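Step one of this worksheet: look at the structure below.
Numbering (our numbering), first residue to last: 31 to 159.
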């Protein structure tokens with residue numbers, strides 16, 4: 031029973047990490063799609079996506095040994111859980127970083143559009159006068 035619970039917990043973590051990877055990939059795609067995205071934001075998102083990919087691979091590998099005998103399984107599960115926890119923490123941190131990068135890019139885009147609008151107003155004013 032306990033083994034089944036551990037496997038279920040690891041599978042859930044794997045699902046969470048897969049979701050985090052999808053989020054990182056989406057953030058990266060959004061940033062790349064926006065030509066105004068700051069280079070460092072794109073770089074951060076790329077790192078996040080790569081880290082998330084590694085995390086998913088680690089977690090996937092961690093679930094494998096759980097099909098082995100109990101003693102080995104316990105050691106493998108402990109190691110896997112530790113690795114998964116660390117990876118999940120890193121993935122979360124990177125997810126936050128890429129979300130901040132996306133937000134900053136959006137803010138910059140808005141500022142840029144406001145400036146363009148103001149500029150257009152200034153150009154239009156003398157013509158109206």
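Don't be surprised by glycine CBs; every beta carbon is placed ideally from N, CA and C.
All figures in this text were calculated on a predicted structure; none of them were measured in a lab.
query, result
"Output the distance between the C-alpha atoms of residue 38 and residue 80, rounded to the nearest integer angstrom.", "25 Å"
"How long is the line joining the alpha carbons of residue 135 and residue 82, rounded to whole angstroms?", "21 Å"
"Got a sec? Which residues, its chain only, sit under 6 Å from residue 67 by beta carbon, not counting five neighbours each side?", "61, 135"
"Less than 8 Å between the CB atoms is what I'm expecting for residue 92 and residue 110, so what's the real figure, rounded?", "3 Å"
"Near residue 132, which residues of its chain fall below 8 Å by C-beta distance, leaving aside the five closest residues on each side in sequence?", "57, 60, 61, 71, 75"
"The alpha helix (DSSP H) spanning residue 36 covers which residue range?", "32-63"
"Which of helix, strand or coil does DSSP assign to residue 108?", "helix"
"Buried or exposed, going by whether 16 or more other CB atoms sit within 10 Å of the CB of residue 44?", "buried"
"Would you report the Cα separation of residue 128 and residue 151, rounded to the nearest angstrom?", "34 Å"
"Can you find the residues in the same chain that come closer than 6 Å, C-beta to C-beta, to residue 48, ignoring five residues on each side of it along the sequence?", "86"
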